[in-house]
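Student:
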Amino acid sequence: MRREHVLPTPEDTWTLGRELAAVLGPGDLVVLVGPLGAGKTALTQGIGAGLGVRDPVTSPTFVIARVHRDGRVPLVHVDAYRLGSVADVDDLDLGASTADSVTVVEWGEGLVEQLADEHLVVRLDRRDDDVRTVELVPHGPSWNSRLDGAA
Ligand SMILES: Nc1ncnc2c1ncn2[C@@H]1O[C@H](COP(=O)(O)OP(=O)(O)O)[C@@H](O)[C@H]1O
Ligand SMILES: [Mg+2]
Numbered sequence: 001m002r003r004e005h006v007l008p009t010p011e012d013t014w015t016l017g018r019e020l021a022a023v024l025g026p027g028d029l030v031v032l033v034g035p036l037g038a039g040k041t042a043l044t045q046g047i048g049a050g051l052g053v054r055d056p057v058t059s060p061t062f063v064i065a066r067v068h069r070d071g072r073v074p075l076v077h078v079d080a081y082r083l084g085s086v087a088d089v090d091d092l093d094l095g096a097s098t099a100d101s102v103t104v105v106e107w108g109e110g111l112v113e114q115l116a117d118e119h120l121v122v123r124l125d126r127r128d129d130d131v132r133t134v135e136l137v138p139h140g141p142s143w144n145s146r147l148d149g150a151a
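In terms of this note's numbering, the sequence shown opens at residue 1 and continues consecutively.
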């Protein structure tokens, strides 16, 4: 899987999420970085689709986190925008542990990296022409090989 992507449409963002989901499994942590409107929630919707989640994946801004249990792995979707710290997402009492779930965190940079031994940072940006750019930044030994092995 390429480390850098140029995504002209929302569907492209969704498709990238689906592709990422193919390499995600229990215990994985994905940290989404980028300004408001960059496509963090859209990417999470694609990840959800790739995991087989059928309920709507929407912005969790007002609830901090949601768990979608109807896919092949539980998807924990966190919006850390108004959290000063996340000592442990398990403290949010979601009824799903990060060890058993795929955890995707919007606005989580600097807050949640310690939740897992390794994690994938996804840097999203919005160009002046509205096209989104995405950079996948692996943190930890397995992520490079996982991305290299993915289509
Ligand atoms: N690649 C893209 N090109 C154009 N618009 C996009 C793209 N990806 C997402 N969008 C749109 O950008 C808007 C904001 O996306 P959203 O995922 O809510 O951003 P964020 O969660 O980062 O604030 C949505 O209307 C979404 O459809
Ligand atoms: Mg969002």
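Note that CB positions come from ideal geometry on N, CA and C, so glycine has one too. Bear in mind that the values here come from a model prediction, so they are computed numbers and not experimental data.
1) Given W14, which residues of its chain have a CB within under 8 angstroms of its CB, disregarding the five upstream and five downstream residues?
2) With DSSP as the reference, label R3 as helix, strand or coil.
3) Pick out whichever of L120, K40, G27 and L51 has its Cα sitting closest to the Cα of L7.
4) Beta-carbon separation of S142 and E118 under 8 angstroms?
5) Do E109 and ligand 2 come close, with the Cβ less than 7 angstroms from some heavy atom?
6) With a threshold of 6 angstroms on Cβ separation, who are the neighbours of L32 within its own chain once the five nearest residues in sequence on each side are excluded?
7) Considering only residues of the same chain and omitting the five flanking positions on each side of V23, which have a CB-CB separation below 8 angstroms?
8) Taking L36 as the reference, which of D125, T58, P10 and P26 has the closest Cα?
9) Closest to H139 by CA distance: which of R69, D128, E19 and A116 is it?
10) Could you tell me which of R132, V63 and G110 sits nearest to E161, measuring between CA atoms?
11) Less than 6 angstroms between C-beta atoms, sequence neighbours within five positions excluded: which residues of the same chain meet that for R54?
12) Can you check which of these residues, S101, V63 and S97, is closest to L83 by C-alpha distance?
13) Beta-carbon within less than 6 angstroms of A21's beta-carbon, same chain only, minus the 5 sequence neighbours each way: which residues are those?
14) Here's a check: name, in chain order, each residue in its chain whose Cβ is nearer than 6 angstroms to the Cβ of V102, leaving out the five neighbours to either side.
15) State the Cα-Cα distance for the pair L120 and V67, rounded to the nearest angstrom.
Tutor: Short version:
1) Excluding the 5 residues flanking it on each side, W14 has same chain C-beta neighbours closer than 8 angstroms at A42, L43, Q45, G46 and A49, in chain order.
2) Three-state DSSP puts R3 in coil, outside helix and strand.
3) Measuring C-alpha to C-alpha distances from L7 to each of L120, K40, G27 and L51 identifies K40 as the nearest.
4) Going by C-beta atoms, S142 is nearer than 8 angstroms to E118.
5) Remark: the C-beta of E109 is outside contact range of ligand 2, defined as less than 7 angstroms to any heavy atom.
6) Cβ within range, chain order: K40, E106 and V122.
7) Answer for V23: M1, R146, L147, G149 and A150, listed in chain order.
8) It is D125 whose Cα lies nearest to the Cα of L36.
9) For H139, the closest C-alpha among the options R69, D128, E19 and A116 is that of A116.
10) Limits of the chain in this structure are 1 at one end and 151 at the other, which puts residue 161 out of reach.
11) D70, listed in sequence order.
12) Of the residues S101, V63 and S97, the one whose Cα lies closest to the Cα of L83 is V63.
13) I47, G50 and L51.
14) Within the same chain, V102 has close Cβ partners L24, D28, V73 and L75.
15) Taking the straight line from one Cα to the other gives about 19 angstroms.
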